[in-house]
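Sequential numbering of the sequence shown, starting at 1233, is according to the working numbering.
Built from N, CA and C at the ideal position, the CB exists for glycine as well.
These numbers were taken from a predicted model, which means no experiment stands behind them.
Here's the structure we're looking at; comments come further down.
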Amino acid sequence: MVAKKMYVQGGTGAVGSGERFGANYELPNATAYNETCASVADVYWNQRMFQLHGDAKYADILEKVLYNGLISGVGLDGKSFFYSNAMQIKGGLGSKDTEAARSGWFDCSCCPTNLARLFPSLPGYVYGQHDKDVYVNLFVSSTANLTVNKKPVQLVQQNNYPWDGALKFVVNPAASADFNLLVRVPGWARGEAMPSNLYTFAMPAKEQVVIKINGKHTAYTLRNGYAVLPRKWRKGDVVEMALPMDVRRVVANPHVKDDLGKVALQRGPLVYCAEWTDNQGKAANFVVPPTATFTAAYRPELLNGVTTLTATVPAVQVDAAANSIQTVPQTLTAIPYYAWANRGKGEMTVWFPAQVLDVD
1233 MVAKKMYVQG GTGAVGSGER FGANYELPNA TAYNETCASV ADVYWNQRMF
1283 QLHGDAKYAD ILEKVLYNGL ISGVGLDGKS FFYSNAMQIK GGLGSKDTEA
1333 ARSGWFDCSC CPTNLARLFP SLPGYVYGQH DKDVYVNLFV SSTANLTVNK
1383 KPVQLVQQNN YPWDGALKFV VNPAASADFN LLVRVPGWAR GEAMPSNLYT
1433 FAMPAKEQVV IKINGKHTAY TLRNGYAVLP RKWRKGDVVE MALPMDVRRV
1483 VANPHVKDDL GKVALQRGPL VYCAEWTDNQ GKAANFVVPP TATFTAAYRP
1533 ELLNGVTTLT ATVPAVQVDA AANSIQTVPQ TLTAIPYYAW ANRGKGEMTV
1583 WFPAQVLDVD
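Encoded structure:
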């Protein structure tokens, strides 16, 4: 599934007829189905696979699905829902299998109820534990109370993730305790867009992941995607991890025909899209060449607070009589995919052509 049948935002089940997978690499954008229930199931599946194998690749996919193709299934109002999660909307209209706007309820309302079941379970996915190993899978400001080797240990996370890559963990054992803290180093921070070759980053990361313990740089080894930090922990020990938050271009495996010549945008765990309301009424007419330089800015007033990406890129314009085509420089504003369709119906796209010849 992860190697041949998953969309870049973690959605699965490309075909609406029968609510099913298509053929290998069959990932059309215009008719993408991506049922919300499938994303919920994917979270459950990857959590259980992590519990079996202790491999961060499962937490990587869980995070991708959770922050993108799953949470898009509920509106920012908390009471409107997508049954399917589109990858592309043109002219404000979906297809027979895609929706351009969320609904309050459905004749078969499996998706809203599955979300209501999933969200309360999320605290149980933040950490994992096996003998002396304590795994950190999700980065959520929180306080957790664990028992390690029959000793109580409190773990406190302080961060502004996913907007900021500065992560802080405060370890508070009741008494000095010897155990291994295994902090997930996300695949996207190690140069992997996916734990397969279905999607890759066009360029390597500019920065490396840095870890400090009590303010001192700490060398670490990676084990199945986790930074292993063995130590006799004392109350108040502080672990800091800095994740690179570059804007990354994602390209698809050439077998994915719909994405040939196109790029998607990702920052941290978040996949981005362009929506009509930020871009002079259109989204599908932008070209994102390799030379485009994006700026990330947090906007607390927008969509309950999001980091947007902006760049000046060519926009294709067709005259009213459809007799001529030209490109003009225009500011492209991209928002996190999960936040689209909260401001009315209009165009939306996740994939952008890298040259004018590939504009649909």
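Which of helix, strand or coil DSSP assigns to residue i
i	result
R1422	helix
T1450	coil
A1212	In the structure as shown, the chain begins at 1233 and stops at 1592. Residue 1212 is therefore absent and cannot be evaluated.
L1592	According to the sequence provided, residue 1592 is Asp. The question's Leu does not apply to it. In this structure, D1592 counts as coil in the three-state DSSP scheme.
G1305	helix
Q1440	coil
R1575	coil
H1362	strand
A1566	strand
F1282	helix
Y1593	With the chain covering 1233 to 1592 only, the question about residue 1593 has no answer from this structure.
D1410	strand
K1464	strand
A1318	coil
Y1257	coil
V1272	helix
L1354	helix
N1404	strand
Boundaries of the alpha helix (DSSP H) in which residue i is found, first to last residue
i	result
C1505	Premise fails: C1505 lies in the beta strand (DSSP E), 1502-1507, not in any alpha helix (DSSP H).
A1348	1342-1350
Y1290	1288-1296
Sequence-distant residues of its chain with Cβ nearer than 6 Å to residue i (five each side left out)
i	result
Q1386	N1377, N1404
A1582	First, the amino acid is wrong: residue 1582 is Val here, not Ala. Same-chain partners within the cutoff: M1319, A1496, C1505.
P1546	V1519, T1559
Length of the line joining the Cα atoms of residue i and residue j
i	j	result
V1380	F1411	8 Å
A1333	A1506	15 Å
N1300	C1343	15 Å
H1285	A1291	11 Å
K1236	R1252	14 Å
M1426	N1485	11 Å
Q1279	L1589	42 Å
First and last residue of the uninterrupted beta strand (DSSP E) at residue i
i	result
L1431	In the sequence as displayed, the identity of residue 1431 is Tyr instead of Leu. Element bounds for Y1431: 1431-1433.
D1469	1469-1474
R1481	1479-1484
R1334	Here R1334 belongs to no beta strand (DSSP E), and DSSP marks it neither H nor E.
Q1390	1383-1391
Q1498	1494-1499
R1531	1527-1531
N1377	1374-1380
Q1549	1538-1550
Residues near residue i by beta carbon distance below 7 Å, same chain, minus five either side
i	result
W1395	Y1530, T1539
N1391	F1371, S1373, A1398, L1399, K1400
Neighbourhood of residue i by C-beta, 8 Å cutoff - its chain only, sequence neighbours within 5 removed
i	result
M1435	R1480, R1481
Next on the checklist: Counting beta carbon pairs with one atom in the segment 1300-1309 and one in the segment 1561-1578, are three or more of them shorter than 8 Å?
Outcome noted: Yes: at least three Cβ pairs fall under 8 Å.
Next on the checklist: Taking 8 Å as the cut-off, does the segment 1441-1448 touch the segment 1472-1487 (at least 3 CB pairs, one atom from each stretch)?
Outcome noted: Note that the segment 1472-1487 touches the segment 1441-1448; at least 3 beta-carbon pairs, one per stretch, sit closer than 8 Å.
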